[in-house]
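> Numbering (this note's numbering), first residue to last: 13 to 75. Glycine included, each C-beta is placed from N, C-alpha and C at the ideal position. Predicted model only: the values in this text are computed from it and were never measured.
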């Protein structure tokens with residue numbers, strides 16, 4: 013039973029990560045102010061660390 017709970021939590025984490033990465037990927041792709049290389053760097057960061065990208069954008073919005 014504990015194994016089932018662990019696997020379901022891991023599945024939710026993977027699905028949440030994928031959803032957040034896809035959302036950031038779309039936002040970055042639609043931004044026309046960024047250069048091609050900037051978009052590539054941010055897209056890679058969004059795919060690997062979507063929560064850190066969200067945290068950084070949240071901090072810049074407060075300033």
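#1: Buried or exposed: where does residue 65 fall if 16 or more other Cβ atoms within 10 Å of its Cβ makes it buried?
#2: Does the region 26-39 touch the region 50-61, meaning 3 or more C-beta pairs lie closer than 8 Å?
#3: Taking the continuous alpha helix (DSSP H) assigned at residue 46, which residues delimit it?
#4: Thinking just about the alpha-carbon of each residue, which of 22, 23, 38, 44 is nearest to the one in residue 62?
#5: Quick check on the burial criterion: 16 or more other C-beta atoms within 10 angstroms. Buried or exposed for residue 17?
Reading off the structure:
#1: Buried, by the Cβ-count rule.
#2: Enough Cβ pairs lie closer than 8 Å, so yes.
#3: Per DSSP, residue 46 lies in no alpha helix (DSSP H) segment and is marked neither H nor E.
#4: Ranking the options by Cα distance to residue 62, first place goes to 38.
#5: By the 10 Å Cβ count, residue 17 comes out exposed.
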